[in-house]
Every structure is written in structure tokens, then in C-alpha cells.
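A.B. asks: In our numbering, the protein residues as written are 930 to 1864.
#1: Please look up how many angstroms separate the CB atoms of residue 1015 and residue 1043, rounded, as I've assumed it's under 8 Å.
#2: Who does residue 1367 pair with in a DSSP beta bridge?
#3: For residue 1298, which three-state DSSP category applies?
#4: Tell me, which residues are paired with residue 1623 by DSSP?
#5: Starting from the Cα of residue 1350, find the closest Cα among 1359, 1333, 1366 and give me that residue.
#6: Can you tell which of 1837, 1543, 1631, 1455 has the C-alpha that lies nearest to the C-alpha of residue 1827?
#7: Here's the rule: buried if 16 or more other CB atoms are within 10 angstroms of the residue's CB, otherwise exposed. What is residue 944?
#8: Considering only the alpha carbon of each residue, which of 1715, 1744, 1710, 1703 lies closest to residue 1721?
#9: According to DSSP, simplified to helix, strand and coil, what is residue 1846?
#10: On the CB-based measure, 16 or more other CB atoms within 10 Å of its CB, does residue 1190 come out buried or exposed?
#11: Taking 7 Å as the limit between beta carbons, can you name the residues of its chain near residue 1372, skipping five residues before and five after?
#12: In whole angstroms, what is the alpha-carbon distance linking residue 938 and residue 1412?
#13: List, from N- to C-terminal side, the alpha helix (DSSP H) runs of 4 residues or more that fit wholly inside the region 1007-1066.
#14: Under 7 Å Cβ to Cβ from residue 1623, same chain only, skipping five residues before and after it: list those, please.
#15: Who are the Cβ neighbours of residue 1476 in its own chain at under 8 Å, not counting the five residues just before and after it?
#16: Can you give me the Cβ contacts of residue 1741 inside the same chain, cut-off strictly under 6 Å, excluding the 5 residues immediately before and after it?
#17: In this structure, does DSSP put residue 1658 in helix, strand or coil?
#18: Compute every distance between the C-beta of residue 1578 and the non-hydrogen atoms of the ligand SAH, then say whether any falls below 6 Å.
#19: Tell me which residues share the same chain as residue 994 and place their Cβ nearer than 6 Å to its Cβ, disregarding the 5 neighbours each side in the sequence.
#20: By Cβ distance below 8 Å, which residues in the same chain neighbour residue 1462 in space, the five residues on each side in sequence not counted?
#21: Quick one: what's residue 1492 bridged to in DSSP?
#22: Which partner residues does residue 938 have in the DSSP bridge list?
#23: Leaving out five residues before and five after residue 1206 in sequence, what residues of the same chain have Cβ atoms less than 6 Å from its Cβ?
#24: By how many angstroms is the C-alpha of residue 1628 removed from the C-alpha of residue 1636?
#25: For residue 1208, which of helix, strand or coil comes out of DSSP?
#26: Among 1072, 1061, 1005, which residue has its Cα nearest to the Cα of residue 1039?
#27: Since residue 958 and residue 1085 should fall inside the 8 Å C-beta cutoff, what is the C-beta to C-beta distance between them, to a whole number of angstroms?
#28: Where does residue 1862 land, buried or exposed, given buried means 16+ other C-beta within 10 angstroms?
#29: Expressed to the nearest angstrom, what Euclidean distance is found between the alpha-carbon atoms of residue 1353 and residue 1249?
#30: So residue 1394 and residue 1615 are in contact, right, with Cβ under 8 Å, and what is the actual spacing, rounded?
#31: Sort out for me which residues DSSP pairs residue 968 with in a bridge.
#32: Tell me whether residue 997 sits in a helix, a strand or coil according to DSSP, three-state version.
#33: With DSSP as the reference, label residue 1593 as helix, strand or coil.
#34: Please confirm if the region 1732-1740 is in contact with the region 1749-1762, defined as three or more CB-CB distances below 8 Å between the two stretches.
#35: As a quick exercise: from 1663, 1557, 1692, pick the residue whose alpha carbon is nearest that of residue 1761.
#36: So what's residue 1821 in DSSP terms, helix, strand or just coil?
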């Protein structure tokens, strides 16, 4: 491009020039005609102290800037550089605000030309990126970024990023660039000027569409290739029976393959249970290679019998691994094509007619505009149209709900049928050997009136220990204040110009007799009354919780939960009265809008698409309101037998953070009746299915019959006795004998000592976020680990995968995690050398589902601790333990701060459930010595 871009980065003493913060380093990189033509950088004397955390972050000290020029001395040079250019930066308004202040302070004019934010531009052009931090983008694009948080390094990397982004814009189809140009007026930086320039340039040329791109109805789309053509004739359908044959096959993908006997055993077992029409539970330890162990027999069985095999996972991460890594390996091993389809629930896929319609609407907020632009670029890349590929903001997810795939009643969809992502996925699944899906869709399919998955009898359920929990959530219900408000905000009062207002304008425009319909004024009052009643209902829910202080259970610093059951007394009667009023108002509203929709339906064939879209949105909204009403009634008046109902709220946020839940206490009989008894063979596998050598706990929870089920434990091939030491500090107090504050203070001292010995590289697993937060704060306040990166779930921003990546990036880092961090994170090698388990991971006995399960076991004369609490905690302990050793070369320590593992009769059950290694009792001094000599 012929434009001049000056890419700027600053290091400063703080975040606010208005509060007197100053620049300590300035750097600029000039791009002209698409090439870097000039660079300039200088340290700057800020005439004030540099805070310690800024010095730690940037590496710039007071000594380094002592003899540096004042900004006023380089200001004329900076001003000349910027003349006639786009001002570009990553988070541009931060850098611009500082520069304006300094330029004006130096007696020069500020910069008033066009500005470009590479964060904003990256969000548009890289819609599937995990993160838009400069260091993450640089790593993903293979850019060398040696000194993050130093202005010259940051500016150069930002300039390289801009060059890549400009090249990507230029390569987009013209129809996409035109749409982006039209939308870009609503952005924060002057990206619209950039797109307008590119449109002007492109108009002078004849376009040749990139390979694999088509333009249809003014949208540029990537042409999807769903299923590889494969026939029986292609396949050498002889399953490798002997170990030698298996080894020969596996060496096609792994030339240095070492015999994994466990993997071969699992392969044969999967094929055997499929052939015998039996179910199986297979625990495969870390390193067995279970994905390939079930994929190989699943493909052979599918091809030999010309039927699909379902592969279900709990996490998106494992689905991505199967598709990106394991399936390509599988094809190398087998030497013939394998047709594989990923199938998710309908709402995961984009609705092209809805998105097409949304592009005609112009009353967009910033998040909606940005999301539309992201999706336009993504459509030139995606072959499956799945929202999990996109990185949308929370506001963007609200827009996604408007354009996600759903059944349509009014909006014309036939024109898009041949390109509909969901229909393509469903069609492709009919011809696939393997259908990869998730537990949620697998379970939804059981209860769906119209099945989503093709007919199947054989399935492998990976991450099988999650199936019971996934079923509980899926068969359960929830009702939350913010969700209710969001529904009615979409409808809006007439004067708010939302869906109701658009509907009434449509009623007035159609040429028919609408005297039979309620007047707008009546409906408007009804919507207002419902919004007030919703507030009253959730206020009454809060009062019920407050009036039951004895039964309240704390779940966080200000969060509590309460099991909800019919009570005597004024407060409960008030809740029932409010729920009844709320329910009747909802019933009236649904009836009134259904009448309007029926009236307008006869005019719909002649309505323009934007009016049909209004009817479509309203029909879906009324359906959601109807479901919400049913949930409300079932939770307050018709609580289902064998369900547990509870409320969670945050006292700091009043009703804004109030949610009601209802879940089945047990899903065993339902899964047995509707799933396991209907399928010929289901293989459940995971690294954690057995407790103390048996599968009773998992079998009972899932409703699996022992007589119909084969089981096996395939141990990890790793040499744990050589690779791991398990240590229990003997100088920590017993967790049950002291107050939590005292225990937290004691473990903090131990963590600091261990961290200094291991140089970080430590994952600490907590069972409560409250203790995690207090420990994190004590370590920060101590000042002992100032040069360590402390990365904490719920405190340091970001998803689990992002926090894990940040942990791996720093040489001296400590990762604090709870809940989801006990499993599913993979940190191989020296990045993780020490795992600390703060306490044995028992669920709180007062947690609603745990309490209800215990009540159920008690009612049958059983022991809730040995039948539920202990086995559940052991499985979770095994998951946490498994975070440390991920490859045969890993080496590390597991330190358990909870002395109950040695002092109680049940403690040995935890030890017996992990690989056999000696347990050592050491003082903190001995632990430090062990680390220094052994690690």
C-alpha cells in the first residue's frame, strides 16, 4: 500500500498521563509502500521515579534513563516522523493519549491525523485467534519478539503484524472488503479510511477469486470439503491381529515407535466388545495413547460393517486434538481414507440467511459491528461454520444468538439450503465412518423428538468420567435474573424501539383488519408489568435465602446457596404469590403474541425479508419465554421427584446474580433405560474411572449393568518410581485441627520456600477459590516472590488455556488453579516440575447435589461417605495427580499439604489409586534439599 504508517510504542511510568505519568521509552517504525523504511527509538528521562513493578515489567531502571533526553528534546523529530501518516499502535488510544500530552507540553501541536489500532484490526482479520495480546499474536505468526514490554521490540513486532494484516486485507474478495468498508464507520479507530483506500484501489482491477472461494448472494464463502470419498475397495480391511502387525502399522506414523503393550491391549478390547455387542469401561493411564487405541478398531469396525461409530468427548480441546492431530495420524497408520465429521448442536452453526439479513440492519452497537466484520472474514476461512472457531466478545455472543442456526418459520431459507453449515454437517455425518461429537449433543439426541445424530449402535465415549455430570446438567434446568432480563430487553417496551416496537409498526402497515388484536398500549403495559414482576420474584427469592440463615451454605466470599423446598411461613407464601402472578402474566403475553404472529403469518409471503426477520425473531423469543415459564412453574410449584432444586446468589449484587437450579439427583436409571440398553456397544474410557482397582462407583452413577460390561485398567507405561516423588510435609498443621486462616498462612510459607527451590514451574491445586485468593494475596504481600509471575485463576484474566500458555511463557512462574485446573491441562517437560495439592478434593457435603445424593444413600441404608464422597474425591485426586507427568521424560514432585492422606484410615485409598511410588514425610528443609539434589 502507498500509505505511510508510523507504528509507535511507548513505555511509561503508569497508565494515566492526566495523573502525571510520563514516557520512559519511545519507539517508532515507519512503513511506506508496504516496507519498513525507517526506525527510531530513545529512552526518555521522565523526571520522576520509575515504580518497581514498571522496572520489573520493562527492564528499564532509573539508572538507564538518568542521562537520557527529556521528551521535549526529541519532540520535533517525533512530530516530523508522524507528519502525513497513519498513527498506528497496539491499543492505540493509550499511546496516543500520552504522546498528545507530551507534544503539547513541548509546545508543539498534538497529532490529529488518522489512527489505526492493531488490536481492533487483528480482531477483524484474525477472528479465530485465541488472544489479541501482542506477544500471543507474535508467537502465533512466527514473529520474533525477544523483549516484550520494551518499546523498540514491541514497535517492530507491531509493524510486522501490521504488514501481515494489510496483506491479508488485500487478499480478501472484493465483495468482503466492500462490506467491511461499509461497516467500519462504527469502529473506534480510523479503519474505515484504510478500507475505503483499498476499495478505491480494487475497483481499478479485475478480480480473480482465490482458490476455494465462491461469492453467493453477495457473501464470499470458503467452499467446504466435508467427507473424503472412501469406499470399501480402498481399505485393506484386515485388522492387525498380532502385536507385530500393529507395530508395523503404527511405524507408518511413528518411525521411532516403541512398543506400547497397553495400547495394543486396548485396541483389541475395543474391537472385541464391539463384536460381542457388550459395553466396556477402560481406564487408560497417561501415555497409553488411548485416542489411537480406540480410533483404529473403531474405523475397522465401521468400514467392515458399513455403519458409523460415534466418538464423543467432553471438551472442545479434545475434539480439536482428534481432528487436527489424531485423525491425520490414523490415516497414515491405516493407509486408506477415513471419513470423519464433527457434529455439534444446531446453535453452534451460523445461519447464513440470518447473517445475510443482519447485514442490512444498521442500528448496530460497537460489539455487533465488530462481530459482523469478524464473521465476514471468517466466512472466507471456515469450512464448518462452528462458533467455537470464533473469538467473539461477550457482546458478540449476544449478536451470535441472533444469527445462530435454528429452525425458521418465516425467514426464507431455501436459497441457502445447499450451503447451510448445519445441514451440510448432518448430511456428511450420514456417510461418515467416524462422527465426532460432544457429550451434550450425544445426550440431547437421546431426548430429542427428531434425532440429530444418524442412527447408530456403537460409540466410544472419551473423557467418560464426565458423562454423569454432563447428563445431570443437560436433564436439569436453570432460571437466572440476568437471563430473564435479557429476554425482555430484546422484546422491549414500545418506546425503546426493540422487537415489540418493530412488530407493532408491521401490524400497522399490513392491509388487514387488526381490531381483533389487543391494542399496543395494552401489550406495552403487560410487558412493563412483567418486568416489574420479574424483579419482585427474584427479590422474593433473595428474601427466602435471607430468612433461612441456618440452611444457607457459603460458596465464596459473598456467595451462598440454599436448597429450595416448599416451606411454611409468610416469606415462602410471598414467593409463591409472586411466582403465580409472574406465571399468569407470561401466559397472557405468550397468548397475545401468538395471536399477532398467527394474524401476520397470512401476510408473510409478501413481506420483505427484514420484516420476516422480525417475525422470526419474535417466534423464537416467544418459544424461549414459554420454556422459561415452564421452568418457573416446575421449580416453585411442581418440583419433580428425584430432582434437587436450589438457589445461588451473591449478596453484593442483589438479585442481579441470583440463579435457580434444578437437577436430577441420579441419572443412572435414565441413562440405563434410554441409552445403554438401546445401544449394542458403548466403550467408556478415561485416565480416571476406577477407585482402588474397581469400577463400582462409575458403574452405579451411570446405570451400567456389571453383567453387560467388560472392564480393564491399563496402567501408564511411564516409570513413576523414577520420575516422581510424593511428599507430605510433616511440619504443617492438620487441616481439620486449625482455623482456615492459620492453615492458609502456614501453606503460604511452604509455597514460598518450595517455589524458591524449584524456580517456579509450579502448579498449585486448590479446592476453593476463597483459599486460592487468600494464599495468592499473602504471597504477593510477602514480597518474597517479586520476580515470579503469579498466575491465578479468577484473578489473572483469561481462560484456562490462556492462563496455562502464560504460565509456560515465563521462566519463573506459579499457576494457582481450582475446579477445572484439576484436569485437562497439559504442561509437558520442564515447564512444570512441581505439583502441590493443597487439600484432598472432597466436595463440600453441603453442595446441593452432593447433599441430595447423600440423603438418597442414607434413605437406602447406605454410607454416603464410602459410597459417594470418598470415591468422588479419589477420582478427582487422580485427575490432579495426572497433571504432572505427561511424557516419559518428565520428572517432578507431588507435594500434598493435607496430612489426612497419611493420618486417616481412608488416606491409603488415595495413595493406592495412583501409580505405586513411595510416600515420604519431610520437613520443609528436607523438601528443599530434595528439590535441590533430586530435581
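Note that beta-carbon positions come from the ideal geometry of N, C-alpha and C, so glycine has one too.
C.D. replies: Let me spell this out:
#1: Here residue 1015 refers to the residue found at position 86 of the chain shown. Here residue 1043 refers to the residue found at position 114 of the chain shown. Going by Cβ atoms, the distance from residue 1015 to residue 1043 rounds to 5 Å, so yes, they are a contact pair.
#2: Reading the chain shown from its first residue, position 438 is the one you call residue 1367. Answer by DSSP bridge pairing, in chain order: 1242.
#3: Position 369 of the chain shown, counted from the start, is the residue given in the question as residue 1298. In this structure, residue 1298 counts as helix in the three-state DSSP scheme.
#4: Numbered from its first residue, the chain shown carries residue 1623 at position 694. DSSP output for residue 1623 lists 1620 as bridge partner(s).
#5: For the purposes of this step, residue 1350 is taken as residue 421 along the chain shown, with counting starting at 1. Residue 1333 is the option with its Cα nearest to residue 1350.
#6: Taking the chain shown and counting its residues from 1, one reaches residue 1827 at position 898. Here the closest residue by C-alpha is 1837.
#7: As a first step, residue 944 is located in the chain shown; it is residue number 15 there, counting from the start. Exposed, because fewer than 16 other Cβ atoms sit within 10 Å of the Cβ of residue 944.
#8: By one-based count along the chain shown, residue 1721 stands at place 792. If we check each option's Cα against that of residue 1721, 1744 comes out closest.
#9: Here residue 1846 is taken as the residue at index 917 of the chain shown, counted from 1. The answer is coil: DSSP assigns residue 1846 none of H, G, I, E or B.
#10: Stepping through the chain shown from its first residue, residue 1190 is reached at position 261. So residue 1190 ends up on the exposed side.
#11: The sequence position of residue 1372 within the chain shown is 443, counting from 1. Taken in chain order, the residues that qualify are 1399, 1400, 1403.
#12: Taking the chain shown and counting its residues from 1, one reaches residue 938 at position 9. Taking the chain shown and counting its residues from 1, one reaches residue 1412 at position 483. If I take the Cα positions, the gap works out to 41 Å.
#13: 1021-1034, 1047-1054
#14: On the chain shown, position 694 is the one that residue 1623 refers to. The answer is none, since no qualifying residue turns up.
#15: Along the chain shown, one-based indexing puts residue 1476 at 547. So the list reads 1498, 1500, once near-sequence residues are dropped.
#16: Reading the chain shown from its first residue, position 812 is the one you call residue 1741. Result list for residue 1741: 1688, 1689, 1717, in chain order.
#17: Position 729 of the chain shown, counting from 1, holds the residue named residue 1658. Here residue 1658 sits in strand by DSSP.
#18: As for the ligand SAH, it is missing from this structure, which has no ligand bound.
#19: Reading the chain shown from its first residue, position 65 is the one you call residue 994. Closer than 6 Å at the Cβ level, and outside the excluded window around residue 994, lie 953, 972, 974.
#20: Counted from its first residue, the chain shown places residue 1462 at position 533. For residue 1462, where only same-chain residues beyond five positions count, the Cβ hits under 8 Å are 1507, 1510, 1511, 1514.
#21: Counting from 1 along the chain shown, the entry for residue 1492 is found at position 563. The partner list for residue 1492 (beta bridge, DSSP) reads 1575.
#22: The residue labelled residue 938 in the question sits at position 9 within the chain shown. For residue 938, which the question treats as bridged, DSSP gives the partners 956.
#23: For the purposes of this step, residue 1206 is taken as the residue at position 277 of the chain shown. Hits under 6 Å: 1609, 1610.
#24: The count along the chain shown starts at 1 and reaches residue 1636 at position 707. The count along the chain shown starts at 1 and reaches residue 1628 at position 699. Cα to Cα, the separation comes out at about 11 Å.
#25: In the chain shown, the residue the question calls residue 1208 occupies position 279. Strand at residue 1208.
#26: Locating residue 1039 in the chain shown gives position 110, counting from the first residue. Among 1072, 1061, 1005, the Cα nearest to that of residue 1039 belongs to 1005.
#27: Position 29 of the chain shown, counting from 1, holds the residue named residue 958. Position 156 of the chain shown, counting from 1, holds the residue named residue 1085. Indeed, because the Cβ distance is near 6 Å, the residues count as touching under 8 Å.
#28: For this step, residue 1862 is matched to residue 933 along the chain shown. Residue 1862 comes out exposed.
#29: The residue you call residue 1353 lines up with position 424 of the chain shown. The residue you call residue 1249 lines up with position 320 of the chain shown. Going from the Cα of residue 1353 to the Cα of residue 1249 covers about 19 Å.
#30: As a position in the chain shown, residue 1394 is number 465, starting the count at 1. As a position in the chain shown, residue 1615 is number 686, starting the count at 1. 5 Å between Cβ atoms; contact.
#31: Mapped onto the chain shown, residue 968 falls at position 39. DSSP lists 958 as partners of residue 968.
#32: Indexing the chain shown from 1 puts residue 997 at position 68. Three-state result, residue 997: coil.
#33: Here residue 1593 refers to the residue found at position 664 of the chain shown. Strand.
#34: yes
#35: As a working mapping, residue 1761 is identified with position 832 in the chain shown. If we check each option's Cα against that of residue 1761, 1692 comes out closest.
#36: Within the chain shown, numbered from 1, the residue matching residue 1821 stands at position 892. Correct three-state label for residue 1821: strand.
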